[in-house]
Amino acid sequence: MSISISSTPKDDGILVAVSGEVDVSNASDLRDELNRVLEGPSASIEVELSQVSYIDSTGIGVLVGAAHRAGELSRTFNVLHPQPNVSRVLGLLGVSKELGVIE
0 MSISISSTPK DDGILVAVSG EVDVSNASDL RDELNRVLEG PSASIEVELS
50 QVSYIDSTGI GVLVGAAHRA GELSRTFNVL HPQPNVSRVL GLLGVSKELG
100 VIE
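Residue numbers are given in numbering that gives the first Met the number 0: position 24 of the sequence shown equals residue 23, and the series is strictly consecutive.
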């Protein structure tokens with residue numbers, strides 16, 4: 000499964016745009032990029048998931064871990080525009096609020 004990740008600076012933070020499918024085979028790529036972003040000075044991190052058609056528990060774990068680390072660093076972390084099936088999984092697992100999901 001393939002994944003594409005790009006990070007773009009914004010006025011008050013950074014936007015991490017993800018596309019493809021996030022699963023155990025490539026979740027480490029997302030983890031690496033989120034860790035890199037969290038090491039920087041950005042006040043807020045937004046993860047755009049509108050182009051992610053599938054995410055497994057490993058990928059969700061990466062997002063939750065990044066959200067926790069952002070909180071420890073007093074930074075804002077939001078997941079933006081997940082597709083309905085991804086949003087449903089996040090809701091079923093009870094992590095939507097924790098991830099700051101914005102539909």
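The beta carbon of each residue, even a glycine, is placed where N, CA and C say it ideally should be.
For the pair SER3 and GLY90, the Cα-to-Cα distance works out to about 24 Å.
For GLY19, the secondary structure class from DSSP, reduced to helix, strand or coil, is strand. Secondary structure of PRO8 (DSSP, three-state): strand. Taking the Cα positions, ILE54 is about 6 Å away from ASP22. Boundaries of the alpha helix (DSSP H) around SER86: 83 to 91. Under the three-state reduction of DSSP output, SER3 falls in the strand class.
Excluding five sequence positions before and after LEU33, the CB atoms of its chain that fall closer than 6 Å to its own CB belong to ALA65, given in chain order. From the listed residues VAL61, VAL94 and VAL100, the smallest Cα separation to VAL78 is found for VAL100.
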